[in-house]
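Student:
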Ligand SMILES: [Zn+2]
Ligand SMILES: [Zn+2]
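Residue numbers (the numbering used here): 30 to 367.
#1: Applying the 10 Å Cβ sphere with the 16-neighbour rule, what's the burial state of residue 104?
#2: Report buried or exposed for residue 36, applying the criterion of at least 16 other Cβ atoms within 10 angstroms of its Cβ.
#3: For ligand 2, enumerate in chain order all residues having a CB closer than 5 Å to any of its heavy atoms.
#4: Taking all protein chains shown into account, decide if residue 102 is buried (16 or more other Cβ within 10 angstroms of its Cβ) or exposed.
#5: Write down the C-beta distance between residue 116 and residue 46 rounded to the nearest angstrom, noting that I regard them as a contact closer than 8 Å.
#6: From the DSSP output, in three-state form, read off residue 62 for me.
#7: So what does DSSP say about residue 184, is it helix, strand or coil?
#8: Strictly closer than 6 Å from CB to any heavy atom of ligand 1: give me those residues in the order they appear in the chain.
#9: Are the beta-carbon atoms belonging to residue 296 and residue 274 less than 8 Å from one another?
#10: Which residues bound the beta strand (DSSP E) around residue 275?
#11: Which residue from 367, 128, 110 puts its Cα closest to that of residue 118?
#12: Mind listing, in chain order, the continuous alpha helix (DSSP H) runs of no fewer than 4 residues lying wholly within the region 195–238?
#13: Please report the residue range of the beta strand (DSSP E) in which residue 89 lies.
#14: May I have the straight-line CA-CA distance separating residue 138 from residue 212, to the nearest angstrom?
#15: Under three-state DSSP, which class holds residue 329?
#16: Apply the 10 Å Cβ neighbour rule to residue 303 and answer buried if 16 or more other Cβ atoms are within range, or exposed otherwise.
#17: Near residue 322, which residues of its chain fall below 8 Å by C-beta distance, leaving aside the five closest residues on each side in sequence?
#18: Between which two residues does the alpha helix (DSSP H) holding residue 169 run?
#19: Count the C-beta pairs between the region 70–80 and the region 159–177 that are closer than 8 Å, then say yes if the count reaches three, no if not.
#20: At what residues does the beta strand (DSSP E) containing residue 344 begin and finish?
#21: Could you round the C-beta distance between residue 182 and residue 315 to whole angstroms and report it? I think they count as a contact, below 8 Å.
#22: When DSSP labels each residue in this structure, what does residue 44 get in the three-state scheme?
#23: What whole-angstrom Cβ distance do residue 87 and residue 60 have, given they're in contact under 8 Å?
#24: Any idea if residue 335 is buried or exposed, counting beta-carbon neighbours within 10 angstroms, 16 or more meaning buried?
#25: Taking the C-alpha atoms as reference points, what is the distance between residue 33 and residue 40?
#26: Starting from residue 312, trace the beta strand (DSSP E) both ways and give me its first and last residue.
#27: Am I right that residue 114 and residue 317 are in contact with their C-beta atoms under 8 Å? What's the rounded C-beta distance?
#28: Would you please state the rounded distance, in angstroms, between the beta carbons of residue 215 and residue 180? I believe it to be under 8 Å.
#29: State the CB to CB distance for the pair residue 149 and residue 50, rounded to an integer number of angstroms; the pair is presumed to be in contact (CB under 8 Å).
#30: I'd like the list of long-range same chain contacts for residue 327, defined as Cβ closer than 8 Å, with 5 residues on each side in sequence excluded.
#31: Between the Cα of residue 367 and those of 141, 120, 123, 360, spot the shortest distance and give me the residue it belongs to.
#32: Okay, do the region 183–193 and the region 355–366 touch, 3+ Cβ pairs below 8 Å being the bar?
#33: Grab me the residues of residue 248's own chain with a C-beta within less than 8 Å of its C-beta, minus the 5 sequence neighbours each way, in chain order.
#34: Based on DSSP bridge pairs, tell me the residues matched to residue 32.
#35: Determine, using beta carbons only, whether residue 44 and residue 65 come nearer to each other than 8 Å.
#36: Where does the unbroken beta strand (DSSP E) through residue 297 begin, and where does it stop?
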């Protein structure tokens with residue numbers, strides 16, 4: 030079979046790879062229905078994360094179970110399943126409290142930009158839908174593998190509740206789905222930071238009430254103006270740079286919450302500044318597995334349509350163009366069909 034392999038900065042190739050095999054009795058092999066390029070794939074693609082050896086890419090996936098190992102009991106051949114970017118057993122003490130992305134036996138997924146994928150801890154990782162979904166539901170179900178679950182976690186970590194004022198830093202797929210999550214959780218006001226027309230339009234469609242184009246100190250000043258001078262109750266940080274994290278912290282009211290899900294790159298926090306900011310900070314890799322059953326329900330009932338973040342769909346063999354389009358910000362997110 031052929032899948033994507035990253036060789037170096039801006040050098041992603043579609044090439045022959047080994048067909049995945051069951052290695053442990055707890056594994057499953059799935060036939061991918063759809064996969065995609067993640068904003069976090071752009072860090073190594075741009076050479077910001079060094080690439081030491083050719084790496085099979087992709088960690089967002091859904092598809093049909095092809096084969097299961099002898100110890101797998103909860104999923105079976107023919108079911109449509111969704112898994113998260115961390116495989117988890119869903120039984121250890123950390124999983125039990127809802128932090129499957131810190132599972133004691135977690136395994137980071139890779140190689141999903143391919144026609145078939147091996148999923149470790151299949152019983153813990155994969156969640157099956159009640160029936161094989163229609164083709165039109167697949168993009169939304171695919172987002173639950175990472176971006177939608179991550180946006181949801183950002184909102185949950187930022188304590189979004191009915192009536193609250195929420196601000197979202199980042200207008201990538203995760204930020205946009207953070208807006209959707211905040212709306213679904215009942216936020217009264219949702220301020221999205223965006224400078225791109227297509228992205229701010231989608232943010233409004235997902236529930237943003239205000240769009241702020243200023244960044245840095247000017248952005249913070251604008252948020253204060255909109256919030257009686259104190260800042261937002263809940264701030265979702267969906268970028269991971271020094272500027273975006275400081276903007277999030279400075280835009281949060283005293284006693285408010287920052288939910289941060291952008292993978293930090295070169296971020297350093299000053300102790301004194303943190304001390305006097307008076308905010309709650311909670312974030313990290315989203316425990317997507319924890320939210321999967323509820324989010325599958327919301328998608329299948331038609332309550333949310335997160336698949337709208339895919340503004341480019343390509344056959345898998347054009348994966349290189351999928352990366353280029355996102356790198357050049359011509360696309361918010363690329364869906365790939367094997
Ligand atoms: Zn991802
Ligand atoms: Zn676990």
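Glycine included, each C-beta is placed from N, C-alpha and C at the ideal position. Predicted model, so just to flag it, every value in this text is computed and none were measured.
Tutor: Concretely, from the data shown:
#1: In the chain shown, counting from the first residue as 1, residue 104 sits at position 75. A residue is called buried once 16 or more other Cβ atoms fall within 10 Å of its Cβ, and residue 104 is buried on that count.
#2: The residue you call residue 36 lines up with position 7 of the chain shown. With fewer than 16 Cβ atoms within 10 Å of its Cβ, residue 36 is classed as exposed.
#3: Listed along the chain, these residues meet the criterion: 117, 118, 121, 124, 132.
#4: Against the chain shown, residue 102 aligns to sequence position 73. Counting the other CB atoms within 10 Å of its CB gives residue 102 a total below 16, which places it among the exposed residues.
#5: In the chain shown, counting from the first residue as 1, residue 116 sits at position 87. In the chain shown, counting from the first residue as 1, residue 46 sits at position 17. Actually they are not in contact, since the Cβ atoms of residue 116 and residue 46 sit about 19 Å apart, beyond 8 Å.
#6: Walking along the chain shown from the start, residue 62 turns up at place 33. Strand, per DSSP.
#7: Against the chain shown, residue 184 aligns to sequence position 155. Helix at residue 184.
#8: That gives 67, 69, 88, 89, 114, 175.
#9: In the chain shown, counting from the first residue as 1, residue 296 sits at position 267. In the chain shown, counting from the first residue as 1, residue 274 sits at position 245. Against a cut-off of 8 Å, the Cβ pair of residue 274 and residue 296 comes out as a contact.
#10: The residue you call residue 275 lines up with position 246 of the chain shown. Where residue 275 is concerned, there is no enclosing beta strand (DSSP E), although the alpha helix (DSSP H) it sits in stretches over 271–279.
#11: Reading the chain shown from its first residue, position 89 is the one you call residue 118. Of the candidates 367, 128, 110, the residue whose Cα lies closest to the Cα of residue 118 is 128.
#12: Taken in chain order, the complete alpha helix (DSSP H) segments of 4 or more residues contained in the region 195–238 are 202–213, 226–235.
#13: In the chain shown, the residue the question calls residue 89 occupies position 60. Looking at the DSSP string, residue 89 is not in any beta strand (DSSP E), and its letter there is neither H nor E.
#14: The residue labelled residue 138 in the question sits at position 109 within the chain shown. The residue labelled residue 212 in the question sits at position 183 within the chain shown. The straight-line gap separating the alpha-carbon atoms of residue 138 and residue 212 is approximately 30 Å.
#15: For the purposes of this step, residue 329 is taken as the residue at position 300 of the chain shown. Three-state result, residue 329: helix.
#16: On the chain shown, position 274 is the one that residue 303 refers to. So residue 303 counts as exposed.
#17: Against the chain shown, residue 322 aligns to sequence position 293. Only 156 meet the Cβ criterion.
#18: To locate residue 169, count along the chain shown from 1; it is residue 140. Run containing residue 169: 167–172, per the alpha helix (DSSP H) assignment.
#19: No contact exists between the region 70–80 and the region 159–177.
#20: Walking along the chain shown from the start, residue 344 turns up at place 315. That run of the beta strand (DSSP E) goes 341–344.
#21: Translated into the one-based positions of the chain shown, residue 182 becomes position 153. Translated into the one-based positions of the chain shown, residue 315 becomes position 286. Contact between residue 182 and residue 315 holds: CB atoms are separated by about 4 Å, below the 8 Å threshold.
#22: By one-based count along the chain shown, residue 44 stands at place 15. Here residue 44 sits in strand by DSSP.
#23: Locating residue 87 in the chain shown gives position 58, counting from the first residue. Locating residue 60 in the chain shown gives position 31, counting from the first residue. With 8 Å as the limit, residue 87 and residue 60 do not qualify as a contact, their Cβ atoms being about 14 Å apart.
#24: In the chain shown, the residue the question calls residue 335 occupies position 306. Taking all protein chains in view, the Cβ of residue 335 is crowded by 16 or more other Cβ atoms within 10 Å, so the residue is classified as buried.
#25: As a working note, residue 33 is residue 4 in the chain shown. As a working note, residue 40 is residue 11 in the chain shown. One alpha carbon belongs to residue 33, the other to residue 40, and they sit about 10 Å apart.
#26: To locate residue 312, count along the chain shown from 1; it is residue 283. Per DSSP, residue 312 belongs to the beta strand (DSSP E) from 309–312.
#27: Within the chain shown, the letter at position 85 stands for residue 114. Within the chain shown, the letter at position 288 stands for residue 317. Sure, about 7 Å apart at Cβ, within 8 Å.
#28: For the purposes of this step, residue 215 is identified with residue 186 of the chain shown, where counting begins at 1. For the purposes of this step, residue 180 is identified with residue 151 of the chain shown, where counting begins at 1. Between residue 215 and residue 180 the beta-carbon gap is near 15 Å, outside 8 Å, which marks them as no contact.
#29: Reading the chain shown from its first residue, position 120 is the one you call residue 149. Reading the chain shown from its first residue, position 21 is the one you call residue 50. Incorrect: roughly 12 Å between the Cβ atoms, too far for contact.
#30: Taking the chain shown and counting its residues from 1, one reaches residue 327 at position 298. Same-chain partners within the cutoff: 213, 333.
#31: Taking the chain shown and counting its residues from 1, the one referred to as residue 367 is at position 338. For the residues 141, 120, 123, 360, the minimum Cα distance to residue 367 belongs to 141.
#32: Touching, no.
#33: In the chain shown, residue 248 corresponds to position 219, counting from 1. The beta carbon of residue 248 is closer than 8 Å to those of 222, 241, 276, 280 in its chain, skipping five residues each way along the sequence.
#34: Translated into positions along the chain shown, residue 32 becomes position 3. Residue 32 pairs with 44.
#35: In the chain shown, residue 44 corresponds to position 15, counting from 1. In the chain shown, residue 65 corresponds to position 36, counting from 1. At the C-beta level, residue 44 and residue 65 stay beyond 8 Å of one another.
#36: As a first step, residue 297 is located in the chain shown; it is residue number 268 there, counting from the start. Counting along the chain, no beta strand (DSSP E) covers residue 297, and no H or E run does either.
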